[in-house]
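S.K.: Sharing a structure with you now.
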Amino acid sequence: MHQRSKRAATGLLVAANLLIPAAIIIFAAGFFPYKPFLAGNAQYDDLDQAPAPPFDRVVFMVVDALRSDFVFAEGSGFEFTQGLIRDGAAIPFTAHAASPTVTMPRLKAITTGSVPSFLDVILNLDEADSSSTLASQDTWLAQMKAKQTGKLLMFGDDTWLKLFPDTFDRADGTSSFFVSDYTEVDNNVTRHIDVELQQDDWSTMILHYLGLDHIGHKSGPRSSAMFPKQREMDDIVRRIYQAIETQSHLGSTLLVLCGDHGMNDAGNHGASSAGETSPALVFLSPSLKSLSRSLDAPAPHAEDFQYYSRVQQSDLAPTLGALLGFPVPKNNLGAMIPEFLPLWLDKRDQAYIMMHNAKQIFEIVSAAFGDTLSAGPYDAVDCLKLSSDADRLACEWHVLARQGDLDKVADNDDWARQVLQWLREAQHLMSGMASNYDITRLTQGVTIALLLAVSSILAVFLVAEKSTGVPPCFAAIMLLYGIMMFASSYVEEEQHFWYWATTAWLLYLSRTRLQKSTRVPYWAVLAILVSIRLMRGWNQTGQKFAGNPDLVKLFLAPNPEILWCLVIGTYAVLFVELMSNARGIFPGAIAMPLMLGVVTSAMSFKIAFANEDAPELVTGFVRSLLQLMEGPSLLSRARVVLLGLALALAYTVYFLLTRRRVRHLEDKLKSESSREAGGSGPEQLAAMALLHNLYTVLALTQSRVTNIPLFLLFRLLQTYLQRLKLDVAEITTSAILLQFASFFAMGGSNAISSVDLSSAYNGISGFNVMAQRRLSQNLIPPTWCVTYIICDH
0 MHQRSKRAAT GLLVAANLLI PAAIIIFAAG FFPYKPFLAG NAQYDDLDQA
50 PAPPFDRVVF MVVDALRSDF VFAEGSGFEF TQGLIRDGAA IPFTAHAASP
100 TVTMPRLKAI TTGSVPSFLD VILNLDEADS SSTLASQDTW LAQMKAKQTG
150 KLLMFGDDTW LKLFPDTFDR ADGTSSFFVS DYTEVDNNVT RHIDVELQQD
200 DWSTMILHYL GLDHIGHKSG PRSSAMFPKQ REMDDIVRRI YQAIETQSHL
250 GSTLLVLCGD HGMNDAGNHG ASSAGETSPA LVFLSPSLKS LSRSLDAPAP
300 HAEDFQYYSR VQQSDLAPTL GALLGFPVPK NNLGAMIPEF LPLWLDKRDQ
350 AYIMMHNAKQ IFEIVSAAFG DTLSAGPYDA VDCLKLSSDA DRLACEWHVL
400 ARQGDLDKVA DNDDWARQVL QWLREAQHLM SGMASNYDIT RLTQGVTIAL
450 LLAVSSILAV FLVAEKSTGV PPCFAAIMLL YGIMMFASSY VEEEQHFWYW
500 ATTAWLLYLS RTRLQKSTRV PYWAVLAILV SIRLMRGWNQ TGQKFAGNPD
550 LVKLFLAPNP EILWCLVIGT YAVLFVELMS NARGIFPGAI AMPLMLGVVT
600 SAMSFKIAFA NEDAPELVTG FVRSLLQLME GPSLLSRARV VLLGLALALA
650 YTVYFLLTRR RVRHLEDKLK SESSREAGGS GPEQLAAMAL LHNLYTVLAL
700 TQSRVTNIPL FLLFRLLQTY LQRLKLDVAE ITTSAILLQF ASFFAMGGSN
750 AISSVDLSSA YNGISGFNVM AQRRLSQNLI PPTWCVTYII CDH
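Written out as C-alpha cells, the structure is:
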C-alpha cells in the first residue's frame, strides 16, 4: 500500500512539474496583450496650412530617475533652473509616467506618444523582436530626421541606440548596467556638449545622464551624493541655456529637461508609487518669456510629488511636433500641452494644431475599433446616450469635425475646450488598451495552476507520515499565499507573509520536537527566533516602508568597523568548514594553500569592490588591508576567485566520481545485508559538504558587503534544522519558506527595480544577458538556503 502511494505521489508531482510551464505560458499570453501599431510616418494633410514652428532645433536632456522634487522642491540642487522658472524662461510640469517605470518603456512613451505595456519589459530581453526597437515606428525622432534640417546626435544611455538603430549621425553610448559608477558614466556625456554646441550642422541632440539614477539604486534619494549630482546636472542646464542665449545659430533652440521616471524612497523604480511615476519635465528657452508664466520656485514640498501642472509623458510627442514643426506621430496618444498655444499669435494656427492632434488620435480609435464604431447619430445631445465609450468618442469627434472650419472656430474658446476634453477622453480610452487582458486565457492559466497546487498537496499527503501535521501546514501556506496574490498591496509587501510564516513554521517544528523529548534546548529555540527577527530587520524592502531605517542603515553603515569584523568572521567560519571538509579529499600539501587562497582572494575582492561601490564603508583597519593588497584590477581579482573555485570544484567532483566507482566494486564483494547497511561513506559526505561550502564562497562574492553577515545567521539556522532530524516533507516545506525569507532579507522585492546589478559584472569584461541574470545577487539567496538544508541532510 505504501509503495502504491509513493508511485501515485510521484506521478502527481511529475505531472505537476510538466504542466507548470504550460500554466505560465497560457497565463502570460492573456496578461501581456501584444499591441499592433500603425506603420509609416505621419504627414500633414495640407503642408501649406501647417503653422510655422517657434523653434528649429532641440536639446533633449534626460536625467534618469529625475523625480519632480529633485528639481522643483526646496533643498534642490537645481538652483539655476529654479531661477529660470521664476523669470518665465522655463515652464515646469510634473509628467505622469505610467507603469512600468523602467527606462525602455518610458523612452517609447516619450518618443512615440504611445502607452507601452509590461510586455515591453519582457521584449527588452528579446532584441530580435521587431517591437523591441522603434526603427519601424513613427516617432518624433523619425520626424526630425525626415525634415532633413540637421543631423541627429545622441550621447548617454545606449538604450537609445538599441531603440533607434541607424538613426543618429553622431553618437556615444554608455551602458546603464554599471550601477556602481555615477561619475564617469556622466562625464562621458558632458565631454561632448561644448564641442557640439559650437557646431551648427545638427537639429536634435539627445543627452541621457545615468548618474543620478545610479546614486538612487546605490544609496537612495537621501544619499549625500544626491545634492552634488543635482548641482552637476543644473550646471549642464546652465551651460546649454547660456549657449542658446549667446550663440546666434542656437537662437531658436528649445531645451527640454526631463526624467524618464522617478524613484521611490529606497531609490528604486519599476512599480507605480507616487515617487516612481512623477518625473520632472521642464521646457527652457529665452523665447518662452513671451508667455508670461513666471512661477514661484522652489515650490513647497508635496507628499504626492505633484508640482505645478500635471501632464502625461505621452503629451511630449504632439507638443514637440507643434513646437518644432512636424506632424504628430501616427501612434501618439498624447494631447498638445495647451500652455504653449499662445506662442502662436494667430488663433487659426492654434485651432489647426488642436484639430490635427484630434484627427490623428481619431485615426487610432478607428483602427482599434473599426466597424464596431457607431455610424450615428452625430448630435451632441444624442452622443451622451450611447453606451459604448468608443461610440461616444466617435460621435463627439464627428460633432467637433463638423464645426471644425478653422476660420469659424479660431476665436471660439468653447470649441477649443471641447477639443482638449475630447483629447483627454480619447487618451484615457486608448491608454486602457494596454491592459486589455484576455480573461479566458487568464482563467485557464489560473485553473491549471490551481489543479497543480491541489496535486502537489495531495502528493504530500500520500508520502507524509500519518501522524505528522506537515500536509495541513503546507496546504495552509499555499492557500494563504494564493489568496494574498489577489491584492496588489499584499503583493507589494509580500515579505511580511514569508517572515511570519517562517517564524510560525520554526515554532511548529520546535514544539513537535520538544513534545517528542528530542534534545532541543529552549535557549536554542529563542536564538533561532532572534535570528529570524534580525533577518527581518536587516534590509527594509517592499513599497510602503521602502527607504525606512533598518539594521544596515542604522547600525552597520555608521559603524563600518563592526561590519568588517562580522564580514571577516563570516569568511573565517567558512575557511574552518572548508578545511574540515577538505581533509581526506585533497592531498595534504594542496588543501591548506588552495582553501586559504580561495578565501583570502574572495575577501580581497570584496574589500576592493566595496572600495569602489561604497568607499565610505572602507575605513580604519580595512583601509590598511586594502593598501597592502593594492595592484590587481577588480576584473583580475574576480577571475582569481572564480578560477580557484573552479579548480576546487573540478577536483571534488573527480573525487566523488572516483569514490563512487570504488564503492561499487566494494559492494560487489559484500553480502546483500552488508550492502543494505551501507550508504554514503564519510568521505563522500565530506565532499558533498565541501561542494556546498564552495558554493557559499561564490554566494558571498556575489552579495553586497552589508549582506555578508547574514550568512552567519543562515549557518545558525542550518545547524538548528540539522539537529531537528527533519523528514522529507519537513525539509521541503522548510526550504520553500527559507528561500523566500532569505530573498527578502537580502533586500529583494517584487519590484523590477530591486534586481541588484552591482555584482553582475564580476569576472566578465562586458555585458551579457544570461551571465547577468545568473550572477545577479538577487538570484542567489533563494537557492542558498535550499542548498544549505539539502546538502547537509
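When we follow numbering that gives the first Met the number 0, the leftmost residue of the sequence shown carries the number 0, and every step to the right adds one.
All C-beta atoms, glycine included, are put in the ideal place defined by N, C-alpha and C.
#1: What whole-angstrom Cβ distance do G568 and L711 have, given they're in contact under 8 Å?
#2: Let me check understanding here. Comparing Cα to Cα, which of A27, A242, W139 and N186 lies closest to M232?
#3: Flag this pair as touching only if the segment 190-207 and the segment 143-163 have three or more C-beta atom pairs under 8 Å; answer yes or no.
#4: Using the Cα positions of H207 and P337, report the straight-line distance between them to the nearest angstrom.
#5: Which stretch, first to last residue, makes up the alpha helix (DSSP H) that contains T730?
#6: Using only alpha-carbon positions, find the residue among G10, A14, A170 and G29 that is nearest to Y436.
#7: Tell me whether G261 is buried or exposed, calling it buried when 16 or more other Cβ atoms sit within 10 Å of its Cβ.
#8: Can you give me the start and stop residues for the beta strand (DSSP E) that P91 sits inside?
#9: Helix, strand or coil for P614? Go by DSSP, reduced to three states.
#10: Taking Cβ to Cβ, would you say G444 is nearer than 8 Å to A22?
#11: Whole-angstrom Cβ separation of L290 and L342, contact assumed at under 8 Å?
#12: If distances are taken between C-alpha atoms only, which option among L254, M225 and S247 comes closest to R237?
#13: DSSP puts S308 in a beta bridge; with which residues?
#14: Does G762 pass the burial test, meaning 16 or more other C-beta atoms within 10 Å, or should it be called exposed?
#15: So, is L249 buried or exposed, given that buried needs 16 or more other C-beta atoms within 10 angstroms?
#16: Measure the C-alpha to C-alpha separation of L737 and E493 and round it to an integer number of angstroms.
#17: By Cβ distance, which residues of its chain are closer than 6 Å to V281, with the 5 residues on each side in sequence left out?
#18: Answer with buried or exposed for T657, where buried requires no fewer than 16 other C-beta atoms within 10 angstroms of its C-beta.
#19: Under the DSSP definition of a beta bridge, which residues are partnered with H207?
#20: Residues in the same chain with beta-carbon distance under 7 Å from L709, minus the five sequence neighbours each way, listed in chain order, please.
#21: What first and last residue would you give for the beta strand (DSSP E) that runs through R796?
#22: Looking only at DSSP bridge pairs, what is R622 linked to?
#23: If we count Cβ pairs, one from each stretch, closer than 8 Å, do we get three or more for the segment 380-396 versus the segment 313-327?
#24: I need the straight-line Cα distance from A296 to A64, nearest angstrom please.
#25: Any contact between the segment 683-703 and the segment 597-604? By contact I mean 3 or more CB pairs, one from each, below 8 Å.
#26: Take every Cβ of the segment 604-620, pair it with every Cβ of the segment 554-572, and state whether three or more of those distances are shorter than 8 Å.
#27: Spatial neighbours of W497 within its chain, please: CB distance less than 7 Å, with the 5 preceding and 5 following residues excluded, ordered by chain position.
#28: Distance, Cα to Cα, L715 vs K724?
#29: Look at the Cβ atom of V310, then the Cβ atom of A94, and state whether they are nearer than 8 Å.
#30: Out of W139, Q136, L392 and G155, state which residue places its alpha-carbon closest to the alpha-carbon of F368.
#31: Would you identify the three-state DSSP class for M534, choosing helix, strand or coil?
#32: T166 to T252, Cα distance in whole Å?
#33: Run through DSSP, which three-state label would S670 get?
#34: Just checking my contact of T577 with N692 at CB under 8 Å: how many whole Å lie between their CB atoms?
#35: For P337, which three-state DSSP category applies?
#36: Could you name the residues of the same chain whose beta carbon sits closer than 7 Å to that of E244, not counting the 5 residues immediately before and after it, in chain order?
M.R.: Judging by the given coordinates:
#1: Taking C-beta atoms under 8 Å as the contact rule, G568 and L711 qualify, at a distance of about 7 Å.
#2: Cα-wise, what sits closest to M232 is N186.
#3: The way I'd put it, the segment 190-207 does touch the segment 143-163; three or more beta-carbon pairs between them come closer than 8 Å.
#4: In this structure, the CA atom of H207 is about 27 Å from the CA atom of P337.
#5: Reading off the sequence shown, one finds Ile at residue 730, where the question assumed Thr. In the DSSP annotation of this structure, the continuous segment of the alpha helix (DSSP H) that includes I730 starts and ends at V727 to A744.
#6: Considering only alpha carbons, the answer is G29.
#7: G261 comes out buried.
#8: Per DSSP, P91 belongs to the beta strand (DSSP E) from A89 to H95.
#9: Here P614 sits in helix by DSSP.
#10: A contact, by the Cβ cut-off of 8 Å.
#11: 7 Å between Cβ atoms; contact.
#12: It is L254 whose Cα lies nearest to the Cα of R237.
#13: In the DSSP output, where bridge partners are listed per residue, S308 has F92.
#14: Looking at its Cβ environment, which holds 16 or more other Cβ atoms inside 10 Å, G762 is buried.
#15: By the 10 Å Cβ count, L249 comes out buried.
#16: Taking the straight line joining both Cα atoms gives about 14 Å.
#17: Excluding sequence positions up to five before and after V281, its CB lies within less than 6 Å of the CB of A89, P91 and L256, all in the same chain and listed in chain order.
#18: It is exposed - the Cβ of T657 has fewer than 16 other Cβ atoms within 10 Å.
#19: In the DSSP output, where bridge partners are listed per residue, H207 has V61 and G155.
#20: M534, W537, A744 and M745, listed in sequence order.
#21: What is shown of the chain runs 0 to 792, which leaves residue 796 out entirely.
#22: DSSP lists no partner for R622.
#23: Note that the segment 380-396 does not touch the segment 313-327; fewer than 3 beta-carbon pairs, one per stretch, sit closer than 8 Å.
#24: Their Cα atoms are separated by approximately 21 Å.
#25: Segments in contact, yes.
#26: Touching, yes, given that three or more Cβ pairs across the two stretches are closer than 8 Å.
#27: The residues are L736, F739, A740 and F743.
#28: CA-CA distance, L715 to K724, rounds to 15 Å.
#29: Cβ atoms of V310 and A94: closer than 8 Å.
#30: Each of W139, Q136, L392 and G155 was checked against the Cα of F368, and the nearest Cα belongs to L392.
#31: Correct three-state label for M534: helix.
#32: Distance from the CA atom of T166 to the CA atom of T252, rounded to whole angstroms, is 21 Å.
#33: Unreliable placement is indicated for S670, whose pLDDT of 49 sits below 50; the coordinate value is still reported in the next sentence. In the displayed model, S670 falls within coil according to three-state DSSP, outside both helix and strand.
#34: One point to set straight first is that residue 577 is Leu, not Thr, in the sequence displayed. Taking C-beta atoms under 8 Å as the contact rule, L577 and N692 qualify, at a distance of about 5 Å.
#35: Residue state for P337 is assigned as helix, using DSSP reduced to three classes.
#36: The residues are P285.
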